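Numbering (our numbering), first residue to last: 1 to 174.
Where a beta carbon is used, it is the ideal one built from N, C-alpha and C, also for glycine.
Values in this document were obtained by computation on a predicted structure and should not be read as measured data.
These notes are about the structure you will find just below.
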Ligand code: FES
């Protein structure tokens with residue numbers, strides 16, 4: 001998995017709509033002249049802003065001279081792209097084969113219990129989003145997770161508890 005496929009860390013509070021559009025234009029402009037530049041532009045946006053908002057679609061369509069439907073089609077084709085803002089922290093559990101074979105299910109169960117939200121969801125208090133991903137490139141040291149974009153190998157439920165305990169907003173988690 002490329003580094004662009006992971007969030008870089010905790011995300012800032014949402015910007016007002018106009019400011020976000022300016023930011024989207026600035027981030028995407030670097031790729032506007034590239035053939036197939038929409039995809040790297042989407043990765044740049046996703047990494048910097050945490051998700052691709054519906055309101056970003058017309059901005060990108062204008063910049064890349066595409067229809068809104070074409071941009072929407074690309075955004076929705078790749079499950080990697082979040083369409084809602086994530087929580088302040090993002091926990092990504094590898095659910096691919098090697099991690100599954102090394103206790104991935106038990107780890108996922110522990111994460112769901114500790115965080116109080118299901119995979120693919122954000123806690124009601126916005127503290128954390130729990131996501132499934134498919135291979136973090138640490139198959140030889142499975143099971144693996146990424147926490148705010150930082151990789152952790154050979155994660156046991158106990159280690160996971162320690163990692164999560166260090167996140168702000170999760171002090172009250174079981
Ligand atoms: S299968 Fe989990 S890191 Fe590759």
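Does DSSP put residue i in a helix, in a strand, or in coil?
i	result
residue 2	Confidence at residue 2 is low in this model, with a pLDDT of 38, below 50, so its placement is unreliable and no value can be given for it.
residue 151	strand
residue 132	strand
residue 122	strand
residue 32	coil
residue 127	coil
residue 84	coil
residue 51	coil
residue 46	helix
If I measure Cβ to Cβ from residue i and keep anything under 6 Å in the same chain, skipping five residues before and after, which residues do I get?
i	result
residue 129	86, 87, 90 and 122
residue 6	With a pLDDT of only 44 at residue 6, under the threshold of 50, the placement of this residue in the model should not be trusted; the figure read from the coordinates follows. Closer than 6 Å at Cβ, skipping near neighbours: 146 and 149.
residue 12	Any reading at residue 12 must be qualified, since the residue scores a pLDDT of 47, below 50, and its modelled position is unreliable; the value itself is stated next. If we look at residue 12 and ignore the five residues flanking it on each side, it has no Cβ neighbours.
residue 154	141
residue 9	Since pLDDT at residue 9 reaches only 49, below the 50 mark, its modelled position is unreliable, and no value is offered.
For residue i versus residue j, is the C-beta spacing smaller than 8 Å?
i	j	result
residue 50	residue 25	no
residue 125	residue 169	yes
residue 52	residue 63	no
residue 131	residue 92	yes
residue 117	residue 143	no
residue 95	residue 161	no
Looking only at its chain, what residues have a beta carbon closer than 7 Å to the beta carbon of residue i, apart from the 5 residues adjacent to it on each side?
i	result
residue 165	none
residue 58	68
How many angstroms separate the CA atom of residue i from the CA atom of residue j?
i	j	result
residue 77	residue 61	16 Å
residue 105	residue 97	11 Å
residue 111	residue 65	43 Å
residue 46	residue 40	10 Å
residue 167	residue 109	19 Å
residue 119	residue 44	24 Å
residue 158	residue 27	39 Å
residue 34	residue 163	40 Å
residue 71	residue 133	23 Å
residue 36	residue 156	40 Å
Shorter than 7 Å, the distance from the beta carbon of residue i to the closest heavy atom of ligand 1, or not?
i	result
residue 146	no
residue 137	yes
residue 97	yes
residue 142	yes
residue 94	yes
Quick check on residue i - is its C-beta less than 8 Å from some C-beta in chain D?
i	result
residue 32	Going by chain labels, chain D is absent from the structure shown, which holds only one protein chain.
Indicate, with yes or no, if ligand 3 has a heavy atom lying under 7 Å from the CB of residue i.
i	result
residue 92	Ligand 3 is not part of the structure shown, which contains ligand 1 as its ligands.
Tell me which same chain residues have a C-beta within less than 8 Å of the C-beta of residue i, skipping the five on either side of it?
i	result
residue 127	87, 88, 89, 167, 168, 169 and 170
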